[in-house]
Amino acid sequence: MARALERVMVVWCPDWPVVAARTEEELAPDVPIAVIARGEVHACSAAARAEGVRVGQRRRDAVGRCPELTLLDHQPDRDLRVFGAVLSAMEEVSTGVMPIAPGRCAVRVPSRFYGGEGEAAAVIAEQLVRSGVWDCRIGIADGVFAAEQAARLADQQGHRLVPPGGSAAFLAPLPIRALDEPELVSLLSRLGIKTLGAFAGLSARDVVTRFGKPGGRLHRLAAGADAGLLASRTPPLEFTRVCRFEPGLTSVETIGFSIRQTADAFVAELSRHGLVCTTVRIEVEAEPSWSESGPADGWVGIRRWAHPRWFGSADLIDRVRWQLQADPAPAPVIELRLIPEGIEPLSDQGEGLWGSAPDERIERGIARLQSMLGPEGVQAVGLQGGRGPADRQSATAWGEQPVGRRPAELPWPGSIPPPAPSRVFADRRPAMVYGHDGRPVRLTDRGLITTEPTSFRTDSDRARRIEAWAGPWPIEEQWWDPGKHRKLARFQVVGTDGTAWLLILENDDWYAEACYE
Numbered sequence: 009m010a011r012a013l014e015r016v017m018v019v020w021c022p023d024w025p026v027v028a029a030r031t032e033e034e035l036a037p038d039v040p041i042a043v044i045a046r047g048e049v050h051a052c053s054a055a056a057r058a059e060g061v062r063v064g065q066r067r068r069d070a071v072g073r074c075p076e077l078t079l080l081d082h083q084p085d086r087d088l089r090v091f092g093a094v095l096s097a098m099e100e101v102s103t104g105v106m107p108i109a110p111g112r113c114a115v116r117v118p119s120r121f122y123g124g125e126g127e128a129a130a131v132i133a134e135q136l137v138r139s140g141v142w143d144c145r146i147g148i149a150d151g152v153f154a155a156e157q158a159a160r161l162a163d164q165q166g167h168r169l170v171p172p173g174g175s176a177a178f179l180a181p182l183p184i185r186a187l188d189e190p191e192l193v194s195l196l197s198r199l200g201i202k203t204l205g206a207f208a209g210l211s212a213r214d215v216v217t218r219f220g221k222p223g224g225r226l227h228r229l230a231a232g233a234d235a236g237l238l239a240s241r242t243p244p245l246e247f248t249r250v251c252r253f254e255p256g257l258t259s260v261e262t263i264g265f266s267i268r269q270t271a272d273a274f275v276a277e278l279s280r281h282g283l284v285c286t287t288v289r290i291e292v293e294a295e296p297s298w299s300e301s302g303p304a305d306g307w308v309g310i311r312r313w314a315h316p317r318w319f320g321s322a323d324l325i326d327r328v329r330w331q332l333q334a335d336p337a338p339a340p341v342i343e344l345r346l347i348p349e350g351i352e353p354l355s356d357q358g359e360g361l362w363g364s365a366p367d368e369r370i371e372r373g374i375a376r377l378q379s380m381l382g383p384e385g386v387q388a389v390g391l392q393g394g395r396g397p398a399d400r401q402s403a404t405a406w407g408e409q410p411v412g413r414r415p416a417e418l419p420w421p422g423s424i425p426p427p428a429p430s431r432v433f434a435d436r437r438p439a440m441v442y443g444h445d446g447r448p449v450r451l452t453d454r455g456l457i458t459t460e461p462t463s464f465r466t467d468s469d470r471a472r473r474i475e476a477w478a479g480p481w482p483i484e485e486q487w488w489d490p491g492k493h494r495k496l497a498r499f500q501v502v503g504t505d506g507t508a509w510l511l512i513l514e515n516d517d518w519y520a521e522a523c524y525e
C-alpha cells in the first residue's frame, strides 16, 4: 500500500537538443540556435523563436527569418551524452532516477527526506542549475503522465504540484494533443473530442474495441490512472581509484609500497562485480612548480598499459614502478590514479580447463620490456587475411586485443596456396628468371608467361637451374585508382640446390619476396 501511494516527480528541460548542442559547442546563451534534422528545424532556442523560427520550418525559411541563426545538425548521441551528466547530478541528491527521453526524467519524490514535495523540487532544481541546466521545470503528481503535463505548465526553475488523487481533474481541461499521438489525436479531433477529460469520459470497453490496446493505454493516461512503480536506471559503475600522498613522495619503492591498498581495492571492486581489467591508464601527478610569476600546473605522467589476461594487484604495482623508472617525475608525486580503460567479464578471461593460460614469468618479462621500450615497443604477431605473405602479417602491441584484422577465413583470390613461406623479407630483394634461350621471362597482357622458366638468380648471385616451379598467380589491385593500381604475378620456384623461393614479377621486374627454409 505504501508503494502504491508513492508520488512521482518529472523533470523537464525544454529544447534539450539545443541545450546539448550549446553545451558541447560552448555557445553563448543569447545566440539564436536551430538544430536541423532532415532539412527541417528539429528544435530551436528562445532567441531563435523570438525572430520567428519555428519547429518544422525548412532550413532556408528559418535562415530567412533569422539571418544570424546558428545551424547545428541533430545528433541523438550528443543529446544522450549530455543528458547523462544531468542524470548523474540528480542521483547525487535523489535515488531511483528513470530516464524517459533526453531532456525528461522521472524520480520518486524524496519528500520525507527534504521535508516536503515543494522543498524536494527546490533542491533538485538548485542541483540542476548548479550543473549548468538553467531552464528546468518540475511537475509532481500521482503518475508519470500527469507529472509531465504539470512540468510543462511550470515556470522556469519552478514546480507545479498536483494534489494526491487529483490527476484526473488536473488533466481533464488539457487539450487532446497532450497525448502526443498524432494519428489518434487527429481522429479524435474530427470526432469532436477536444480535451483529455472528454476522451476519459468514453467507455473503456468502447475505446479498446475501436482503438485496440494502444488506445486503451492512452485512455488510462487521460483518466490519470497511470500510477505505477518507476523502473529506475542503474548508475554507471565507477572503478577509478585515486591515491594521494601528503607530503609528496620521491622514492619509487616508497610509492609502490604506498599504493598497495589502492591497487587491492581496485582489483577487489572489479572482482565483486565479476569483472577484470585488461587495460589500465596510470596517471602520476607531481607537485606544481613555483616561479616568480606564481605556481604552475604540476607535471602529469600518463601511460596506458595492457595485459594479455587481466591485472592483479601485484601487476598494477609493478606497472607503477616501471612507469616511474622509465619516466621519472621531476617533483615529488602527490597523486596517482588507476583508471580502467578495458573491462571484461571474468568468465571471458578465465583459465582453460587444462591450464591454457600463458606462463606468468613470460608475461612479467614482456611487461618489463614494455616499461623500457613503451607499450608499442613489444609486438605480438598474428595472422590475418591477405594475398601476399607480408599482407597476412598483423602486429599488435603485446597484451592488447587485435583491432581491424582482416578475416583470414575469407577467400582471397590470387593468394598463393599452402604451405606458407617460413621467411618473409622486410624489403623485396632483386631477382631475375630466365628462359631456355637466356632471355628474361615476362608476362603477356593475358597473364601468360612468354617462355618456360629454366634458371633464376637472387641478390646478384650466380644463376641456378630450376628443378620445379608453379604459377603464375596474377593479381590486379585497385585498377580504379591510377595512383594505387598494381599488376603483378607470383611464382614458386625450387632450385636444383634444394632452395625454394617465392618470386614476384611486377612491371617486368623480378623480386624475391620470401623463401621456404
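Sequential numbering from 9 applies to the sequence shown in my numbering. Glycine included, every Cβ here is placed at the ideal spot set by N, Cα and C.
CB-CB under 8 Å to residue i, same chain, minus the five flanking residues each way: which ones, in chain order?
| i | result |
| --- | --- |
| S119 | R15, E125, E127 and A128 |
| T64 | Note on residue identity: the sequence assigns Gly, not Thr, to residue 64. E48 and V49. |
| R494 | I483, E484, E485, Q486 and E514 |
| V27 | C21, V90, G111, V141 and D143 |
| L2 | With the chain covering 9 to 525 only, the question about residue 2 has no answer from this structure. |
When the Cα atoms are used, what is the spatial distance from residue i to residue j?
| i | j | result |
| --- | --- | --- |
| T458 | V449 | 6 Å |
| G224 | F178 | 20 Å |
| A398 | R431 | 10 Å |
| F319 | E349 | 12 Å |
| L196 | A55 | 34 Å |
| T286 | H315 | 5 Å |
| G256 | G264 | 13 Å |
| S175 | D38 | 37 Å |
| V137 | G166 | 11 Å |
| K202 | D85 | 36 Å |
| D163 | R312 | 48 Å |
| G72 | L226 | 39 Å |
| I342 | V117 | 42 Å |
| A149 | R168 | 9 Å |
| C113 | D23 | 14 Å |
| F247 | A93 | 17 Å |
| T452 | A520 | 20 Å |
| S266 | G394 | 49 Å |
| M106 | P172 | 21 Å |
| R510 | H281 | Here residue 510 is Leu; the residue named in the question, Arg, does not match the sequence. Distance between the alpha carbons of L510 and H281: 53 Å. |
| R327 | R252 | 18 Å |
| P429 | R329 | 42 Å |
| L456 | D516 | 13 Å |
Using alpha carbons as the reference points, say which of the options lies closest to residue i.
| i | options | result |
| --- | --- | --- |
| S96 | Y122, I132 and Q65 | I132 |
| G479 | R498, E485 and D469 | R498 |
| A45 | T404, S53, Q83 and L35 | Q83 |
| P291 | G140, Q157 and V250 | Reading off the sequence shown, one finds Glu at residue 291, where the question assumed Pro. Closest by alpha carbon: V250. |
| C74 | L418, C52 and D85 | C52 |
| G232 | A208, G220, L451 and E246 | A208 |
| P40 | S211, E59 and E32 | E59 |
| L4 | Q392, S279 and P438 | In the structure displayed, the chain extends from 9 to 525; residue 4 sits before or after that span and is not available. |
| E189 | A416, P181, S211 and F219 | F219 |
| D87 | I424, E32 and P183 | E32 |
| A276 | L324, W307, R413 and T258 | L324 |
| T404 | I351, G385, W488 and G446 | G385 |
| A434 | T258, A36, C523 and R289 | C523 |
Quick one: what's got a C-beta closer than 7 Å to residue i's C-beta in the same chain, skipping five residues either side?
| i | result |
| --- | --- |
| A70 | A42, V49, V61 and L77 |
| M440 | P448, F464, R465 and W518 |
| P181 | T203 and G205 |
Is residue i buried or exposed, if buried means 16 or more other CB atoms sit within 10 Å of its CB?
| i | result |
| --- | --- |
| M17 | buried |
| Q269 | exposed |
| Q331 | buried |
| L513 | buried |
| S297 | exposed |
| I1 | Since the displayed the chain opens at 9 and closes at 525, residue 1 lies outside it and no answer follows. |
| P25 | buried |
| H444 | exposed |
| R30 | buried |
| S194 | exposed |
| A476 | exposed |
So, for residue i: in the same chain, excluding its five sequence neighbours on each side, which residues have a beta-carbon less than 6 Å away from its beta-carbon?
| i | result |
| --- | --- |
| F153 | L229 and D234 |
| F91 | P110 |
| R345 | V250 and E291 |
| A159 | V18, W20, R145, I146 and G147 |
| D467 | R437 |
Is the Cβ of residue i closer than 9 Å to any Cβ of chain D?
| i | result |
| --- | --- |
| R112 | Checking the listed chains, one finds no chain D in this structure; it contains a single protein chain. |
Please find out if some non-hydrogen atom of the ligand NAD comes closer than 8 Å to the beta-carbon of residue i.
| i | result |
| --- | --- |
| S297 | The ligand content of the structure shown is nil, which means the ligand NAD is not present either. |
Which whole runs of the alpha helix (DSSP H) in the segment 139-175 are 4 residues long or more, in chain order? 152-160
Please list the segments of the alpha helix (DSSP H) lying wholly inside the segment 77-146, counting only runs of 4 or more residues, in order along the chain. 84-99, 119-122 and 125-138
Can you list the alpha helix (DSSP H) stretches of 4 or more residues lying completely in the segment 244-276, in chain order? 260-266
In chain order, what are the residue ranges of uninterrupted beta strand (DSSP E) at least 3 long that sit wholly in the segment 14-61? 16-20, 41-45 and 48-52
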